[in-house]
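Numbering (this note's numbering), first residue to last: 18 to 87. Using N, Cα and C, we set each Cβ at its ideal position, and we do this for glycine too. Remember, predicted model here, so these are calculated numbers, not experimental data.
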Amino acid sequence: MMPLSLSEIGSENTIKRIGGNSQIKQHLENLGFVVGGSVTVISTLGGNVIVNVKDTRIAISKEMAQKILV
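(1) Assign residue 29 to one of three DSSP states: helix, strand, or coil.
(2) DSSP three-state call for residue 38: helix, strand or coil?
(3) I need the straight-line Cα distance from residue 18 to residue 74, nearest angstrom please.
(4) In the DSSP assignment, find the unbroken beta strand (DSSP E) run with residue 62 in it and report its ends.
(5) How is residue 78 classed by DSSP in three states: helix, strand or coil?
(6) Start and end of the beta strand (DSSP E) containing residue 87?
This is the structure:
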């Protein structure tokens with residue numbers, strides 16, 4: 018397992034674990050980041066990571082991306 022922030026651009030990954038406190042986990046789940054779900058890194062831009070989750074493009078901070086393990 019590795020943090021999503023270290024994932025290669027364009028590679029599709031399966032979410033294995035979501036770290037952080039319950040508030041952070043809930044926030045990420047609300048955005049569509051669920052264990053077993055698929056996520057693709059589109060690009061990284063100024064400390065943010067742009068990902069594709071459930072056919073939706075979302076920008077999350079690098080800190081958030083480090084809490085998502087793939």
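Walking through what the data contain:
(1) Assigned with DSSP and collapsed to three states, residue 29 falls in strand.
(2) Three-state result, residue 38: coil.
(3) Whole-angstrom Cα-Cα distance: 23 Å.
(4) First-last of the beta strand (DSSP E) with residue 62: 55 to 62.
(5) Residue state, collapsed to three classes: strand.
(6) Unbroken run through residue 87: none, as it is neither H nor E.
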